[in-house]
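As structure tokens, the structure follows; a few thoughts come after it.
Number of protein chains: 2
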Amino acid sequence: MDKQVVGILGGGQLGRMLVESANRLNITTKILDEGLSSAKQINASTEHVDGSFKDLASIRKLAKDCDVLTVEIEHVDVSALETVQKETGIKIYPVPETIRLIQDKFLQKKHLMQHGIDVVESIDLKANTKEEVLAIGQKFGFPMMLKSRTLAYDGRGNYVIKTEDNIEEALEFLKDRPLYVEKWCPFTNELAVMVVRSIEGEVFSYPIVETVHKDNICHTVYVPAPVSQTVIGKAELLARNAIKSFPGCGIFGVEMFLLPSGDILINEIAPRPHNSGHYTIDACVTSQFEAHIRAITNLPLPKDFTKLTNPSINAIMLNVLGDDEKDKELEMCKRAIETPNATVYLYGKSSRPKRKMGHINIIDSSLSNCKEKLNYIYKNEKLQLSSIVEPMDKPLVSIIMGSDSDLPVMSVGANILKKFGVPFELTIVSAHRTPIRMQKFAFEAQARGIKCIIAGAGGAAHLPGMVAAMTSLPVIGVPVKGSTLDGVDSLHSIVQMPRGIPVATVAINNSTNAALLAVRILGVGNETWLNKMTQYMNDMENEVLGKADRLETIGYEKYLEK
Amino acid sequence: MDKQVVGILGGGQLGRMLVESANRLNITTKILDEGLSSAKQINASTEHVDGSFKDLASIRKLAKDCDVLTVEIEHVDVSALETVQKETGIKIYPVPETIRLIQDKFLQKKHLMQHGIDVVESIDLKANTKEEVLAIGQKFGFPMMLKSRTLAYDGRGNYVIKTEDNIEEALEFLKDRPLYVEKWCPFTNELAVMVVRSIEGEVFSYPIVETVHKDNICHTVYVPAPVSQTVIGKAELLARNAIKSFPGCGIFGVEMFLLPSGDILINEIAPRPHNSGHYTIDACVTSQFEAHIRAITNLPLPKDFTKLTNPSINAIMLNVLGDDEKDKELEMCKRAIETPNATVYLYGKSSRPKRKMGHINIIDSSLSNCKEKLNYIYKNEKLQLSSIVEPMDKPLVSIIMGSDSDLPVMSVGANILKKFGVPFELTIVSAHRTPIRMQKFAFEAQARGIKCIIAGAGGAAHLPGMVAAMTSLPVIGVPVKGSTLDGVDSLHSIVQMPRGIPVATVAINNSTNAALLAVRILGVGNETWLNKMTQYMNDMENEVLGKADRLETIGYEKYLEK
């Protein structure tokens, strides 16, 4: 595809997945790492360099015959990179300056703050003394985090200072390292996002995900993050602005904290593919690995390449960590391989406790189904997938009525939805008595994931039509029969809408048909509902045929007696 | 994942993609082929065998330390495989017996016929004489095909005998080969399908695709094949039955002819991954390559692993063939890389005219968008993707009416659908005058891809309700006003349906609202329609606000004068 040769510092799993993407594009890669590392295993080149990515001579050797260097780990020797760049003019992405900023977590935070990006408040230690930490403690309060500025990952390099009494042991634990203190951040969720920066400085973000850590190591990633659209929007903006502040190009992993207030802070940034982006291999148009290769070789990044392949899917990524008992983690992989639409990626590494051995991507059209699969794969819980693929957590249909006096009529429809397993909500919204509530309801329904609204009303029945006037969703109207006029007043109020705003009207008091119509409408988005409807209609037919049979068998007089 | 070591005879692109899948599962592979072939490039093993897959000694060497052998090409030495199997007891999938049957195309056909599978009629030549061929010509008629029984692929080994006068040149062209004559088969389309057979003999089929050949080499593959559900069903059954007839396990490519009569014949079978299945890498839950690895190592093949990742996507696979000018085919690949949701796979082979250098998978939610992308990639035509992602070729909404006298009312709705860009069909279906036609219409609508039906009727308006009784799709009823009763007769006939069968009723004569409701309903499956509806409602609001402004400005008296 491209004649450029890419040299990669580091040959772990991230390098391996970069190599896989490059292989597909006939882009030549060379790896600098020791031995037959994960990445080298899938590239039969004889040009790999056996050595350390912290060693100038090895980096020099790698750079020979390469057009661009990149890293799969930020703990490289930046000065060596700069030396080699000066000597040869080779392109290096991420640029050494960015790697230097990022590999020192305190410099990274300072840089972000200077660019107006919200981060957790931090103060660096000048001499790693108890007095310094105590002074910070008086400012920040306890608990607070003592952190190593460099070489910290997967929780290594962090120490929680619970009270003043812990300060000495914390300093002892992290002694001889450059340190800083971080204010305690009582976040509710950890979010992350992969952001690609092109050589021209354009940034493209993948979906916002939620990461869940166990013993400080990434355990699972939920895609998209199950948080509100507002939070998603804020997180995207924050992460994109953060990545705009770094020169150079390539992919970046951005980890964030979501606070109880809804505010979001950047936790830290990785200038390379990231564990929280492994799901992109199966769930997105272009994987984080191919995106990185494209960005650093200046190949095109076309429209929507970071998008989910299908906006209605959910994904969970589960890390495969080495078990305490060698190779026992493969049992989990075997369960994954039995699971519909779960894909296993192993990295060719030998089993060691807590080592990242591989990952599993789980895809389904609902988060609850993904979780079911996760429970089977991770905990060996029985897999009982619902045949309905929509999220059962969120209502798809909203039943509203003008008054609780409509409930006896409307509840019959609710029971039908229950029978079909359609997730729904039911409440009172009155056009005439709660007009503001009605407006809010209509305006927000679509964003809440509602697909169809059933509105029941009697008399001068305005509710269905007014709601239809303020949403683009299909609205089904149920005329409820009042004490006069036999319901014809409601029927005409609902059905005789002016051109422009349709209400799907059903028979007077017939909320059953409203619910059945809602199921048919959901079928446009998901055939499962149509199949269930076909089954329902078959059952109905059989029931009538049974009655006919009985009527013919016992005769109409006996039948009437029953 | 699995401790079995898989030896692969052949190291071309099919072997390469098998190795990629095995790498992801930590399954060790060893390749038998000459040099640093495509497959060896992405496996840094030192255990590969440099030699020919037709050579006993090399196969013996490959089998050493392997648990199972497989092939990426059927032109291997079957006797050698059998010898090695006898010597070592090694598992070989596909089983040698199957490879032998398949590598001789005439034996393959005989085998299929013996198992009741429809194939093109063929007769083998005993002595390759003109007289033999002439006798067959008198039976089959001209033109007919002279074919080599063995070592024929990509059209090499075929010769069309147009008339008696061609016989000698045909025999000369294919001289010294075992030959057979095939009756001329005037097919309308070529179909293909990948079928996986498990060790237990269960068969699983991927989607039926259409293959298009150019100069006898596979050019493009269309997924799913744009043919009727009946043809899809027949083709699946035929292919599955064919593969059931072969012992052993693994993946098979089945090529078929669709005849003008709608009948389907098997053309030929490949006992390995196949060019027509490359789209599975991006479009299906599990790729043909991983499926083969799983089948031959007896790993699980879970529910739906052969399905499209999303039932509403379409895919086109385009082969990248070496250009007459070396490397010029990369220009096409560059355009692919610029194209949203197109993925390039190159095989690490050096450019030679007509050589299979790679392939490109194009995905979109409509066939027409896929074709647009194909035209850009292949022919460098300007890319102008429609914003509507549903296939524009197939109607999504069906407008029916009981009589042409309803057309003036119903055509207003049709114009609305046109304005929104909704593909629709419009016809007359009368409940009372064409009851059988109505039944056929209702029964077939869903399978034809219709998502929503609009039915208009007047008087004792039965059409909407009767259609709703025979389909699971949502049906919108438009009461058409007749000469008496002001349309209330139609309204009540349509809206007052019994419990169980809903009709979404709109106002009398208001086909506008029926069409707008249909657009809202389509929005459940595709948000684009909801966005268009929001735009429409905004425009409507602005129009009224404009009128209000004018009314306030010029006063009601002047306004009335206009």
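The listed protein sequences derive, respectively, from chains A and B.
Mapping of the first sequence onto my numbering: position 197 corresponds to residue 614, and the numbering continues sequentially without gaps.
Mapping of the second sequence onto my numbering: position 438 corresponds to residue 855, and the numbering continues sequentially without gaps.
Where a beta carbon is used, it is the ideal one built from N, C-alpha and C, also for glycine.
In this text, all values refer to a predicted model and were calculated from it rather than measured experimentally.
Proximity of residue i and residue j at Cβ, strictly below 8 Å
{"i": "leucine 890 (chain A)", "j": "alanine 862 (chain A)", "result": "yes"}
{"i": "asparagine 930 (chain A)", "j": "valine 923 (chain A)", "result": "yes"}
{"i": "proline 690 (chain A)", "j": "phenylalanine 706 (chain A)", "result": "yes"}
{"i": "serine 847 (chain B)", "j": "valine 895 (chain B)", "result": "no"}
{"i": "isoleucine 893 (chain B)", "j": "isoleucine 871 (chain B)", "result": "yes"}
{"i": "asparagine 731 (chain B)", "j": "serine 662 (chain B)", "result": "no"}
{"i": "isoleucine 584 (chain A)", "j": "valine 640 (chain A)", "result": "no"}
{"i": "alanine 712 (chain B)", "j": "valine 613 (chain B)", "result": "yes"}
{"i": "aspartate 721 (chain A)", "j": "proline 825 (chain B)", "result": "no"}
{"i": "glutamate 627 (chain B)", "j": "proline 643 (chain B)", "result": "yes"}
{"i": "valine 884 (chain B)", "j": "alanine 921 (chain B)", "result": "no"}
{"i": "leucine 800 (chain B)", "j": "methionine 418 (chain A)", "result": "no"}
{"i": "valine 536 (chain B)", "j": "leucine 676 (chain B)", "result": "no"}
{"i": "isoleucine 833 (chain B)", "j": "glycine 882 (chain B)", "result": "no"}
{"i": "alanine 659 (chain A)", "j": "valine 648 (chain A)", "result": "no"}
{"i": "threonine 500 (chain B)", "j": "leucine 473 (chain B)", "result": "yes"}
{"i": "glutamine 430 (chain B)", "j": "lysine 773 (chain B)", "result": "yes"}
{"i": "isoleucine 698 (chain B)", "j": "asparagine 778 (chain B)", "result": "yes"}
{"i": "methionine 827 (chain B)", "j": "glutamine 856 (chain B)", "result": "no"}
{"i": "isoleucine 925 (chain A)", "j": "glycine 899 (chain A)", "result": "no"}
Coarse secondary structure for residue i, derived from DSSP in three states
{"i": "serine 622 (chain B)", "result": "strand"}
{"i": "threonine 703 (chain B)", "result": "coil"}
{"i": "isoleucine 553 (chain B)", "result": "helix"}
{"i": "cysteine 787 (chain A)", "result": "helix"}
{"i": "proline 603 (chain A)", "result": "coil"}
{"i": "methionine 418 (chain A)", "result": "coil"}
{"i": "leucine 386 (chain B)", "result": "Since the displayed chain B opens at 418 and closes at 979, residue 386 (chain B) lies outside it and no answer follows."}
{"i": "methionine 954 (chain B)", "result": "helix"}
{"i": "valine 961 (chain B)", "result": "helix"}
{"i": "serine 804 (chain A)", "result": "Because serine 804 (chain A) sits at a pLDDT of 41, beneath the cut-off of 50, its placement in the model cannot be relied upon, and the point is left open."}
{"i": "cysteine 666 (chain B)", "result": "coil"}
{"i": "cysteine 750 (chain A)", "result": "helix"}
Residue nearest to residue i in terms of C-alpha spacing, selected from the options
{"i": "glutamine 525 (chain A)", "options": "A:Ser565, A:Met954, A:Lys556", "result": "A:Ser565"}
{"i": "asparagine 460 (chain B)", "options": "B:Glu491, B:Lys478, B:Ser475, B:Gly428", "result": "B:Gly428"}
{"i": "alanine 874 (chain A)", "options": "A:Gly819, A:Ala921, A:Lys745, A:Gln913", "result": "A:Gly819"}
{"i": "valine 405 (chain B)", "options": "B:Asn715, B:Met954, B:Ile779, B:Asn792", "result": "One cannot answer for residue 405 (chain B) here, as it falls past the ends of chain B, which runs 418 to 979."}
{"i": "glycine 739 (chain B)", "options": "B:Leu968, B:Ser496, B:Ile634", "result": "B:Ile634"}
{"i": "glutamate 685 (chain A)", "options": "A:Lys796, A:Ala569, A:Glu617", "result": "A:Ala569"}
{"i": "lysine 796 (chain B)", "options": "B:Ile817, B:Ser785, B:Met749, B:Met827", "result": "B:Met749"}
{"i": "leucine 843 (chain B)", "options": "B:Cys869, B:Lys964, B:Ser438", "result": "B:Cys869"}
{"i": "threonine 983 (chain A)", "options": "A:Arg441, A:Cys666, A:Glu974, A:Arg967", "result": "There is simply no residue 983 (chain A) to check, as chain A begins at 418 and stops at 979 in what is shown."}
{"i": "cysteine 666 (chain B)", "options": "B:Gly679, B:His636, B:Leu718", "result": "B:Leu718"}
Spatial neighbours of residue i in its chain, beta-carbon cut-off 7 Å, leaving aside the 5 residues before and after
{"i": "histidine 776 (chain B)", "result": "His695, Met734, Leu735, Asn736, Val737, Tyr762"}
{"i": "leucine 725 (chain B)", "result": "Pro624, Ala700, Cys701"}
{"i": "glutamate 589 (chain A)", "result": "none"}
{"i": "arginine 854 (chain A)", "result": "Val846"}
Close Cβ partners of residue i (< 8 Å) along its chain, the five nearest in sequence each way excluded
{"i": "alanine 864 (chain A)", "result": "Gln646"}
{"i": "isoleucine 516 (chain A)", "result": "Val488, Glu491, Val493, Val495, Leu498, Pro688"}
{"i": "isoleucine 817 (chain A)", "result": "Leu843, Thr844, Ile845, Val846, Phe858, Ile870, Ile871, Ala872, Gly873, Leu880, Val884"}
Same chain only: Cβ atoms within 6 Å of residue i, ignoring 5 sequence neighbours per side
{"i": "lysine 457 (chain B)", "result": "Gly428, Ile448, His465"}
{"i": "isoleucine 509 (chain B)", "result": "Leu486, Leu498, Gln502"}
{"i": "leucine 880 (chain B)", "result": "Gly819, Ala848, Ala872, Ala874"}
{"i": "serine 438 (chain B)", "result": "Phe706, Glu707, Ile710"}
If contact is defined by three or more beta carbon pairs under 8 Å, each pair taking one atom from either stretch, is the stretch 941–948 of chain B in contact with the stretch 925–937 of chain A?
Judged by Cβ distances under 8 Å, the stretch 925–937 of chain A makes no contact with the stretch 941–948 of chain B, as fewer than three pairs qualify.
Would you check if there are 3 or more beta carbon pairs closer than 8 Å linking the stretch 567–587 of chain A to the stretch 603–614 of chain A?
no
Is there contact between the stretch 611–631 of chain B and the stretch 642–654 of chain B, where contact requires at least three CB pairs shorter than 8 Å?
yes
Check whether the stretch 745–758 of chain B and the stretch 429–439 of chain A touch, using three or more Cβ-Cβ pairs below 8 Å as the test.
In short, these stretches do not touch, since the Cβ pair count stays below three.
Given 8 Å, three or more beta-carbon pairs between the stretch 588–600 of chain A and the stretch 538–554 of chain A:
yes
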